Structures are given as structure tokens and as C-alpha cells.
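Structure first, then comments.
In our numbering, the protein residues as written are 47 to 397.
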């Protein structure tokens, strides 16, 4: 009988909510709630192995450790296919499902299926991977739609286990991944383009063959009225972190940020800091971390009265190959914190 591995976070594994988000993860002795529901829907055709789980915070704060542990658990389960979630509109959970699915699809060469709401920030990451072994099914915004989500997951899993061909996203119900396959249409591109043009002119529905990603337009913030009385925070995508990289940033595609205290510092001493970044040669930054965190210049400007106060810590994320969805979430989280601390302006140092 075919084997299905099911991966969920600590909440759906029945371990606990936010107070247990730091758990390292592992494999339960039996099936957790959603896994039991999935097993009922697959009864007779596939067996769901004991539920594999991870802690939301642990996965994002200790990514290398968490990934290695999950790979070990999944390899031991010997699955024919892996199901992750559903994550609905939970951002951390969704990002973990996509990242784990992409990793497992590559290393174990298994099909992975996840599910979440279309507004989950992980959907953009899923699309950026263009992974032919990773599929994402849409769900409702909350876990109130768990029954329907499991129905759709089971339907898709059975289709794959039966080796039935999987067609285009619109036909099969998964979200498109930006993968384009050649097929014979019988009509030239010019004819198809004219059909779309006429449909558009006549107000009829039509679908482009080359969808383009649209970007949000963000209105600039109003100018600071009195810079001399302003409280300023420093945010950098340079990847400058304390020596040893204590929070385990990767050189690319990071999904979390950190802040490090500088209240007692006047400068950034070489040897105390290092740059973790895969988009540039970090040798110069390691030799002079002030390029990424210009603390000396800010202290000098503060003494000259150019501004009043410097926030006592700087925020950092290595920006290399950052997913737009992940970067948007990171920006929103940092903005919410500095706003709560009455910061008037931000100096953003990029590379």
C-alpha cells in the first residue's frame, strides 16, 4: 500500500499553541487530528504514516537545524508522497510548508502537496520556486474550512498515487507555479492574440497566455516635519550580524529578521561583526562593518543636533534573493514594532 507522510505545525499536532512554537519537532506515535481525517479519506488506497510536526518559531529561527531534523524524519517514513498543512492564512506555517515541500521534493524526489489561502504570503514563494514536484491547493482563510481542504488534498493525492496525468492548474485546481509547457494548439499565436483582443473589445471574458505579476503601489510617507527632534531607527539588508551569526541567517532567501543592541556603542568594531550575505563579496564589509551599519556617522550627526535620538538597536535581514512576500511580511513586522516605539523615521541601508 502507498505511504503518505503528513507534516503539520505544533498546533495541529496537538502539542500546543504559541507557547509551544519553539519545540524542535519530531514524529508522533500516532496520527494527529488532521492526519486522522486525511487517513479516513484515503482509506483502502493509502496509509498515512505517524504525523510529523515542527514548531513554527523553531523552523524559522533555527532553519538549518529544523530542516535537517525534518529530512531525517521524512526519510525514515519512506513516503510515496508528502502532504504539508493545510496552513490556511497562517504566514509562518505557510512559509514553512512551502520551504519544506521544496526541500523534500528536491532531496527525496517525491511529490509534495500543500494547501493554504491564496492571500498567505507563502503563495508568492511557492510561485517563485517553479517547482514541478510541489503543488499548492487553495483553502479558506481559516481552519473552519478544514473538511473541504482535506477533501481536496485527498483527491489530489489519490490522483498522483494512481499515476494519473496532472493537467494545467486551472483544470486541476492547484495554484499556478509559472511553469510553461509546450503544447500544440493548432492555431497561430497571431490568431489567438486577435481572439483575445476582440473578446476584450467586446467586453467578453478572456485569459492571457502570459500572465504578468502585478506589484503594489506604495505611497511614500509624509516628510518628517522636525528632523532635529526626530527619533531614528536603522534597518539594513546588508546581513551584518554579531560574529558567529548566532541566529543562523542564511546567505540567501531568509524569511525572518533580527535586531541587535547598539545603545552603548559608538562604532562597529571589526572582528566583532560579520556579514552573512550571498549577493556580494563580504570581505570589505567584514573589514569595516560600518559600511552596512553606519553607526559612527549617525553618532556624529546626533552630536551635531541633526536629529534627537537613535533607536537603541538596529534591524537586519540579509536581503539576497528575498521572496517579495517574505520581505513584505518582514517590513510590516519591523514597521509595527518601531511604530509602537515612537520612531519618526528609518534609515534603510541596502547593498
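Ideal Cβ positions, reconstructed from N, Cα and C, are used throughout, including at glycine. Since we're looking at a predicted model, the values are computed, not measured.
Is the beta carbon of residue i sitting closer than 8 Å to the one on residue j?
{"i": "residue 306", "j": "residue 391", "result": "no"}
{"i": "residue 171", "j": "residue 372", "result": "yes"}
{"i": "residue 362", "j": "residue 331", "result": "no"}
{"i": "residue 135", "j": "residue 165", "result": "yes"}
{"i": "residue 345", "j": "residue 167", "result": "no"}
{"i": "residue 91", "j": "residue 207", "result": "yes"}
{"i": "residue 328", "j": "residue 295", "result": "no"}
{"i": "residue 311", "j": "residue 203", "result": "no"}
{"i": "residue 142", "j": "residue 100", "result": "yes"}
{"i": "residue 313", "j": "residue 356", "result": "no"}
{"i": "residue 301", "j": "residue 163", "result": "no"}
{"i": "residue 122", "j": "residue 71", "result": "no"}
Measuring straight from C-alpha to C-alpha, what distance separates residue i and residue j?
{"i": "residue 299", "j": "residue 189", "result": "28 Å"}
{"i": "residue 235", "j": "residue 228", "result": "13 Å"}
{"i": "residue 154", "j": "residue 219", "result": "25 Å"}
{"i": "residue 265", "j": "residue 253", "result": "30 Å"}
{"i": "residue 148", "j": "residue 73", "result": "20 Å"}
{"i": "residue 157", "j": "residue 214", "result": "16 Å"}
{"i": "residue 318", "j": "residue 288", "result": "6 Å"}
{"i": "residue 195", "j": "residue 185", "result": "6 Å"}
{"i": "residue 28", "j": "residue 283", "result": "What the structure shows of the chain is the stretch from 47 to 397, and residue 28 is not part of that stretch, so it cannot be assessed."}
{"i": "residue 66", "j": "residue 98", "result": "15 Å"}
{"i": "residue 119", "j": "residue 169", "result": "25 Å"}
Starting from residue i, trace the alpha helix (DSSP H) in both directions and tell me its first and last residue.
{"i": "residue 106", "result": "102 to 107"}
{"i": "residue 373", "result": "370 to 386"}
{"i": "residue 80", "result": "79 to 88"}
{"i": "residue 306", "result": "That residue, residue 306, is in no alpha helix (DSSP H); its beta strand (DSSP E) goes 304 to 307."}
{"i": "residue 162", "result": "Where residue 162 is concerned, there is no enclosing alpha helix (DSSP H), although the beta strand (DSSP E) it sits in stretches over 157 to 162."}
{"i": "residue 144", "result": "137 to 153"}
{"i": "residue 199", "result": "192 to 207"}
Can you tell me where the beta strand (DSSP E) with residue i in it begins and where it stops?
{"i": "residue 181", "result": "180 to 184"}
{"i": "residue 361", "result": "355 to 362"}
{"i": "residue 277", "result": "277 to 282"}
{"i": "residue 393", "result": "391 to 395"}
{"i": "residue 320", "result": "319 to 321"}
{"i": "residue 253", "result": "Note, residue 253: premise wrong, no beta strand (DSSP E); not H, not E."}
{"i": "residue 94", "result": "92 to 94"}
Under the DSSP definition of a beta bridge, which residues are partnered with residue i?
{"i": "residue 52", "result": "129"}
{"i": "residue 99", "result": "54 and 72"}
{"i": "residue 286", "result": "321"}
So, does the segment 275 to 285 touch the segment 378 to 392, judging by three or more C-beta pairs under 8 Å?
For the pair of segments examined, the segment 275 to 285 was found to touch the segment 378 to 392: the number of CB pairs separated by less than 8 Å reaches three.
Do the segment 78 to 86 and the segment 51 to 68 make contact, defined as three or more Cβ pairs closer than 8 Å?
The segment 78 to 86, when compared against the segment 51 to 68, does touch it at the 8 Å Cβ threshold.
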